[in-house]
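In what follows, a single structure is set out as structure tokens and then discussed.
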Amino acid sequence: MLDSKDLEILEALKENLDQPFKKIKNFLNHIKISRGDFYYHLNHINSVLKHKNKTLNVTKITKEEFQEIYELITSKQDIFLNSNVGGYILVTYVFLNDYTKLSTISKLLNISVNSAFKLITKINETIREKYHYDKILISNSGNGYFFCGDELSKRKLLINLSIQINTNKSSKLILDFIFNKFNLPYGYEDFLKIKNILLSHKNDLSFVELGWDTLSLILFITLVYRKKFSEGQQLYSKMADYEQFYKHQKSYSIASKVIDEICETFNIEFTSNQFEKLFLSNMFLSKHEMIVATNNFGYEYQVITNFLQQLFDQLEKEGYTINRHDAQQRLFRFLIWTKYQWENLWTIDATTKLKKDFINSRVEYKTLFKFLTANLNQNIKEVINKELIEKQIIEFTIIFIPYINTFPQKDVIHKEAILVTDLKGSLANLLKAKATEMFPNFYINKIISLNNYYKNKNHYDYYLKISNDVNIEKENKGIYFSLNTNLEDMLAKIKLESLAIEDLLDFEKAKMIVNKILGSDATSEEKVQVLLQLFYLAKK
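Numbering follows numbering that gives the first Met the number 0, with no gaps: position 7 of the sequence shown is 6.
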């Protein structure tokens with residue numbers, strides 16, 4: 000029986016058949032597996048193929064031979080799915096069917112009935128814990144398992160499920176089940192038709208937050224499920240206040256064309272074509288490329304701009320200087336977009352951590368973020384009838400930063416500072432170099448170890464403390480400042496903990512270090528971060 004990692008390797012081989020064997024590392028890096036693990040799974044694949052009188056020899060195989068083996072294996076039900084992959088398949092199957100028996104799940108996933116029950120329990124726990132969401136769960140009735148929840152909850156599930164599937168390493172395996180093993184009235188060819196309809200409008204939508212594959216899957220599942228979305232007309236009536244906003248956006252025009260083309264291609268009607276246009280328009284709509292005619296928003300424009308002007312007044316009292324006109328126009332667009340973003344339908348944002356790290360990279364940005372968090376939480380609901388969640392305040396801050404000409408310069412009580420850190424050697428020097436650049440008003444007198452600092456706190460009362468230990472800031476003893484990377488862990492992974500920075504100034508030694516980094520098991524992103532950080536330090 001094959002497992003999901005065996006199938007990932009088959010998919011990687013399929014994509015790299017035109018590559019010579021010496022470039023095997025290309026797809027090994029792609030699926031993040033070592034050479035040893037690759038051959039372990041290859042042997043496992045061949046042990047299954049042995050019973051079918053076939054052998055997979057990656058050094059001597061034609062595309063035709065591989066395709067025969069691939070279809071022979073993947074067309075059979077002798078596949079073991081891990082709970083992660085099996086979970087997405089189960090959720091999609093239950094979502095698309097009226098009622099599902101445990102025996103059906105057992106047969107579909109090739110697991111026991113007891114394992115199927117445990118998987119459903121785990122899925123419900125994940126929905127509660129990850130999304131803090133109890134409005135839609137897998138429930139049981141005398142007829143079988145089904146998704147219990149209102150249509151809005153199901154729409155939210157549909158979007159987040161599609162995002163998760165398309166970002167999963169085993170997405171091709173999951174999609175293969177959906178298109179080929181669910182016995183749906185539509186299949187892969189129909190999915191491609193939907194994707195081609197979307198891509199025909201690609202030039203009109205240069206920025207799509209969810210991505211084309213995810214949007215295509217959402218529309219495909221909507222097509223299959225359309226008769227069960229019985230509340231479309233009711234939901235449309237609830238969106239009356241939104242309609243005027245959307246109809247002024249470029250996204251609405253394109254969404255209308257896409258829905259009309261899908262209806263024509265498949266000769267169908269949705270429960271409410273008008274609602275589907277607004278629903279798709281919401282997913283198309285980008286805060287980066289909105290067309291907002293301010294005269295279409297009359298009262299709202301006045302309320303939001305008054306709020307922004309008061310915010311600017313407060314910031315200028317704090318010592319900020321602001322490009323008020325441009326900041327007002329850009330932040331108005333963001334707030335009006337946030338107001339009409341329908342129920343925050345998708346919750347996953349892979350860039351939130353990156354954006355938060357960016358804010359934490361400079362004390363001025365952190366101070367601004369804290370100020371905005373307090374102010375927006377206190378007043379924004381009166382302005383847009385919504386409270387902002389953290390990632391929206393992060394987004395507001397990042398949009399605002401380019402329009403701030405100067406940040407306030409506070410009087411410095413202590414000109415001398417110490418760096419308190421658990422880092423050693425090159426990493427401590429790197430932290431000091433970056434801190435010196437970040438805090439030009441302070442002279443960093445010395446580097447103190449955390450252990451020494453906590454033993455002799457009273458000796459360092461005079462100094463401002465700059466530290467990568469967040470507890471020092473929490474105790475109001477200093478400023479938290481870190482490299483914002485996993486550099487220490489990455490150096491250990493690459494076995495460069497004892498690196499001497501002087502080696503980077505010697506061409507041959509530097510070349511050897513670079514080759515060692517590039518040939519390591521670290522990911523491409525980790526390698527780039529290590530190289531950038533080390534050469535930054537060498538420059539200093």
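Glycine is no exception: its CB is placed at the ideal position from the N, C-alpha and C atoms.
Apart from the five residues just before and just after Ile379, which ones in its own chain have a Cβ nearer than 7 angstroms to its Cβ? Here the set comprises Glu386 and Leu387.
Apart from the five residues just before and just after Glu317, which ones in its own chain have a Cβ nearer than 8 angstroms to its Cβ? Residues of the same chain with a CB within less than 8 angstroms of the CB of Glu317, apart from the 5 flanking positions on each side, are Phe370 and Pro407 in chain order.
In whole angstroms, what separates the C-alpha of Thr99 from that of Glu63? 38 angstroms
Our contact map puts Lys171 next to Glu10 with C-beta atoms below 8 angstroms; I'd like the distance itself, whole angstroms only. 5 angstroms
Which same chain residues, not among the five before or five after Lys21, have their C-beta less than 6 angstroms away from its C-beta? Low confidence applies to Lys21: its pLDDT is 48, below 50, so where it sits in the model is not reliable, and the reading given next is rough at best. Same-chain partners within the cutoff: there are none.
How close, in whole Å, do the beta carbons of Lys431 and Ile443 come, if the pair is a contact with beta carbons under 8 angstroms? 6 angstroms
Whose C-beta lies closer than 8 angstroms to the C-beta of Trp211 among residues of the same chain, with five residues either side of it excluded? Lys194, Leu197, Leu198 and Lys201
Run through the DSSP bridge pairs and tell me what Asn139 is partnered with. Tyr144
For Gln391, count neighbouring Cβ atoms within 10 angstroms of its own Cβ and tell me buried if that reaches 16, exposed if not. buried
Going by the beta-carbon positions, is the gap between Ile137 and Tyr87 smaller than 9 angstroms? Result no, Cβ atoms of Ile137 and Tyr87 do not sit closer than 9 angstroms.
With H, G and I counted as helix, E and B as strand and the rest as coil, what does DSSP make of Gly318? For Gly318, the three-state secondary structure derived from DSSP is coil.
Count the other CB atoms within 10 Å of the CB of Ile412; is the residue buried (16 or more) or exposed (fewer)? With a pLDDT of 48 at Ile412, under the threshold of 50, the modelled position of that residue is not reliable, and no figure is offered here.
By how many angstroms is the C-alpha of Glu124 removed from the C-alpha of Ile110? 20 angstroms
Looking at C-alpha atoms only, which residue of Glu415, Cys147, Glu381 and Arg332 is the closest neighbour of Ile446? Ranking Glu415, Cys147, Glu381 and Arg332 by CA distance to the CA of Ile446 puts Glu415 first.
Quick one: what does DSSP say Glu64 is sitting in, helix, strand or coil? helix
Report the rounded CA-to-CA distance for Asp421 versus Leu449, giving the unit in angstroms. One C-alpha to the other measures close to 5 angstroms.
For the beta strand (DSSP E) containing Ile478, list its first residue and its last residue. Gly477 to Tyr479
Distance between beta carbons of Phe228 and Thr270, contact taken as under 8 angstroms: 5 angstroms
Among Glu7, Leu204, Val207 and Leu191, which has the Cα closest to the Cα of Ile220? Leu191
Do the CB positions of Ile153 and Phe65 come within less than 9 angstroms of each other? Note that residue 153 is Lys in the sequence shown, not Ile. Contact flag unset, no.
Tyr92 vs Leu157 beta-carbon contact at 9 angstroms: no
Roughly how many whole angstroms lie between the Cα atoms of Leu160 and Ala509? Cα to Cα, the separation comes out at about 46 angstroms.
Residue burial classification, His50 (beta-carbon count within 10 angstroms, cutoff 16): exposed
Taking the DSSP output, what are the residues bridged to Thr420? Ser448
Ile335 versus Ile383 - alpha carbon distance: Approximately 8 angstroms between the Cα atoms of the pair.
Tell me the rounded alpha-carbon separation between Phe146 and Lys155. 13 angstroms
So Val207 packs on Phe278, CB below 8 angstroms; how close in whole Å? At roughly 15 angstroms, the Cβ-Cβ gap does not stay under 8 angstroms, so Val207 and Phe278 are not in contact.
Hey, quick one: how far does the beta strand (DSSP E) through Ile267 stretch, first residue to last? Run containing Ile267: none; DSSP gives neither H nor E here.
If you reduce the DSSP assignment to three classes, tell me which class Lys464 lands in. Lys464 sits in a strand when the DSSP states are folded into three classes.
Using the rule of at least 16 other Cβ atoms within 10 Å of the residue's Cβ for burial, across every protein chain shown, is Ala292 buried or exposed? Any reading at Ala292 must be qualified, since the residue scores a pLDDT of 48, below 50, and its modelled position is unreliable; no value is offered.
Assuming Lys168 and Glu14 form a contact by the criterion Cβ under 8 angstroms, report the distance between their Cβ atoms to the nearest whole angstrom. Not really, about 13 angstroms apart at Cβ, beyond 8 angstroms.
With 9 angstroms set as the bound, which would you pick, yes or no: does the beta-carbon of Gly143 sit closer than that to a beta-carbon of chain C? In the structure shown, chain C cannot be found, because there is only a single protein chain.
Top-ranked residue by Cα proximity to Val57, from Tyr462, Ser105 and Leu41: Of the candidates Tyr462, Ser105 and Leu41, the one whose C-alpha sits nearest the C-alpha of Val57 is Leu41.
Could you check what DSSP says for Thr54 in three-state terms: helix, strand or coil? coil
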